[in-house]
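Peer 1:
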Amino acid sequence: MLRVLIPDVAEKHHPAWAEEYVKLQAEALALHSYCTHFLHGLLQTEEYADAVFGSVRQSMEADEIERSVQARLATQLLLTRKPACRMTFVLEEPVLRRKMGGQAVWEGQLRNLLKLSELHNLQLQIMPLTRETHAGMDGPMTLLETPEHHTIGYVAGQQGSYFLTEPDDISIMSHRYGTIRSQALDAEASRALIQRLLTGEA
């Protein structure tokens with residue numbers, strides 16, 4: 000039922016400028032995302048998503064926020080879709096340290112990240128604060144591979160977003176994302192850092 004409703008949910012509850020991205024994401028063969036301020040929607044718990052919407056859309060009423068949260072959760076069918084979507088995420092360490100929504104929400108979100116990191120089609124990496132060189136200074140980005148095996152770049156920012164499709168732009172973004180991944184902690188070290196955050200050891 001949720002699969003059938005995804006286009007309708009996206010149409011009604013996502014900002015107009017995000018609707019096309021939501022539809023492309025639902026069909027993607029692969030998704031690679033670099034997150035700098037908050038977690039990608041696919042990784043968010045319900046409580047974390049509620050805190051994010053409450054922060055970035057402060058003029059929204061409570062019922063509007065709830066509808067947006069449920070629309071975001073509906074997109075998470077992609078995590079377990081068959082055929083599987085290959086996904087990688089690089090998260091800036093401050094994203095994990097920011098206690099969005101408070102202590103309990105933060106702890107629940109970290110536990111969710113550990114659970115998601117066990118999926119065979121998903122890899123999480125953390126860009127540590129101790130890193131002295133950094134290829135991601137231009138900000139967040141996402142790369143999507145379409146069913147036709149085309150790669151599309153997506154960049155979201157203040158009051159809107161845009162797609163990149165030109166081969167030269169995609170080449171630059173792909174190489175940059177590869178460098179970012181090489182600079183980040185590997186998957187095992189990233190899990191260990193999340194666990195240390197949960198226990199107060201980091």
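If you read the sequence shown in numbering that gives the first Met the number 0, its first letter stands for residue 0, the second for the next number, and so on. Ideal placement from N, C-alpha and C gives every residue a C-beta, glycine not left out.
#1: Would M140 pass as a contact of V154 if the rule is Cβ separation under 8 Å?
#2: Within the continuous alpha helix (DSSP H) that includes T198, where are the two ends?
#3: Quick check on DSSP: helix, strand or coil for E144?
#4: Do L142 and F88 have their C-beta atoms within less than 8 Å of each other?
#5: Spell out the partners DSSP gives S160 in its beta bridges.
#6: Within the continuous alpha helix (DSSP H) that includes F52, where are the two ends?
#7: In three-state DSSP terms, what is M126?
#8: Taking C-beta to C-beta, are H31 and Y176 nearer than 8 Å?
#9: By alpha-carbon positions, which one of I64, A17, E91 and A70 ends up nearest to Q182?
#10: Check whether the Cβ atoms of L109 and I193 lie closer than 8 Å to each other.
#11: Under three-state DSSP, which class holds R97?
#12: Need the endpoints of the beta strand (DSSP E) that L202 sits in, please.
#13: Does the Cβ-Cβ distance between L23 and I151 come in under 8 Å?
#14: My guess is that R85 and A29 are in contact by the Cβ rule of under 8 Å, so how many angstroms apart are they, rounded?
#15: Count the other C-beta atoms from every protein chain shown that fall within 10 angstroms of the C-beta of R71, then say buried if there are 16 or more, exposed otherwise.
#16: Where do the N-terminal and C-terminal ends of the beta strand (DSSP E) with R80 fall, by residue?
#17: Where does the unbroken alpha helix (DSSP H) through M136 begin, and where does it stop?
#18: Residue range of the alpha helix (DSSP H) that G107 falls in?
#19: Excluding five sequence neighbours on each side, which residues of the same chain lie with their C-beta closer than 7 Å to the C-beta of A201?
#20: Look at the alpha carbon of P93 and the alpha carbon of L118, and state the distance between them as a whole number of angstroms.
#21: Please determine, among L113, E147 and H148, the residue with the shortest C-alpha to C-alpha distance to A188.
Peer 2: Checking against the coordinates, here is how it stands:
#1: yes
#2: A186 to T198
#3: strand
#4: no
#5: A155
#6: E45 to V55
#7: strand
#8: Yes, the Cβ-Cβ distance between H31 and Y176 is below 8 Å.
#9: E91
#10: yes
#11: coil
#12: Residue coverage of the chain in this structure runs from 0 to 201, which leaves residue 202 outside it and unanswerable.
#13: yes
#14: 4 Å
#15: buried
#16: Per DSSP, R80 belongs to no beta strand (DSSP E) and is neither H nor E.
#17: Counting along the chain, M136 falls outside any alpha helix (DSSP H), and DSSP gives it neither H nor E.
#18: Q102 to L115
#19: If we look at A201 and ignore the five residues flanking it on each side, its Cβ neighbours are L192 and R195.
#20: Cα-Cα distance, rounded: 24 Å.
#21: L113
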